[in-house]
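Note that numbering that gives the first Met the number 0 has the sequence shown beginning at 0, numbered continuously upward.
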Amino acid sequence: MRTDILRAWGGLAVKEGYIQRSGRTPEFKDPHQFLMWLERQKIPVERKNY
0 MRTDILRAWG
10 GLAVKEGYIQ
20 RSGRTPEFKD
30 PHQFLMWLER
40 QKIPVERKNY
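Shown next, in the form of structure tokens:
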């Protein structure tokens, strides 16, 4: 995981920035900061993309 993206997201609750394959997704340390980052990306959410 790139450190600049981790900082922009507010960090993840993972060891050393590595996202492991598992049945459990990592938690955001600052979910609100991640949401603000995601909204700034202006990615359209469309049903066909699911």
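All C-beta atoms in this analysis are idealised placements derived from N, C-alpha and C, irrespective of residue type, glycine included.
- For residue 30, the enclosing alpha helix (DSSP H) has its first and last residue at 30-40.
- About 5 Å separates the Cβ atoms of residue 11 and residue 25, confirming a contact at the 8 Å cut-off.
- Only residues of its own chain outside the window of five on either side were considered, and among them 0, 11, 25 have a CB closer than 8 Å to the CB of residue 18, listed in chain order.
- The bridge partners DSSP lists for residue 5 come to none.
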